[in-house]
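Numbering follows numbering that gives the first Met the number 0, in which position 6 of the sequence shown is assigned residue number 5; successive positions increment by one, without gaps.
Every residue, glycine too, gets a C-beta built ideally from N, C-alpha and C.
Right, one structure below, let's go through it.
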Amino acid sequence: MQVSIVGRHMDVPESFKEYAETKLAKLPRVFDRVMMIEVILEGQASQKSVEILVSAAGHSDFVAREEGDDVFACFDLCHDKIDHQLRRYKEKIRNRKHPERPGAGGS
Numbered sequence: 000m001q002v003s004i005v006g007r008h009m010d011v012p013e014s015f016k017e018y019a020e021t022k023l024a025k026l027p028r029v030f031d032r033v034m035m036i037e038v039i040l041e042g043q044a045s046q047k048s049v050e051i052l053v054s055a056a057g058h059s060d061f062v063a064r065e066e067g068d069d070v071f072a073c074f075d076l077c078h079d080k081i082d083h084q085l086r087r088y089k090e091k092i093r094n095r096k097h098p099e100r101p102g103a104g105g106s
């Protein structure tokens, strides 16, 4: 899995890179088809934004974006959104492979 962390109009602090790489390393546990993760930090005068793009085999990109004053807080919110999207997609795939048979439901 390849992880890319870039900054637009700002330098990415080394502490943020370490923090992000540690948290993102856990995403393949949720969904094992993750191929590449890109984190984009964008800095304005008063507002910061974080965007996470996850490329997975057999699916178009998963995207989460958050804006705020603190890049760490924005990253945590984005990470939670991506985690939720991956879990939901994994469940969708699992249900597609094992459809419920008619008449097998009970009464």
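- Message: In this structure, how does DSSP classify S45 when only helix, strand and coil are distinguished?
- Response: coil
- Item | Unbroken beta strand (DSSP E) run spanning A63, endpoints | 58–67
- Query: If you drop the 5 nearest sequence neighbours on each side, which residues of the same chain put their C-beta closer than 8 Å to that of M34?
  - Reply: M0, Q1, S54, A55, A56
- So what does M9 bridge to, in DSSP terms? Answer is none; M9 lacks a bridge partner.
- Distance CB(R86)-CB(V29) smaller than 8 Å: yes
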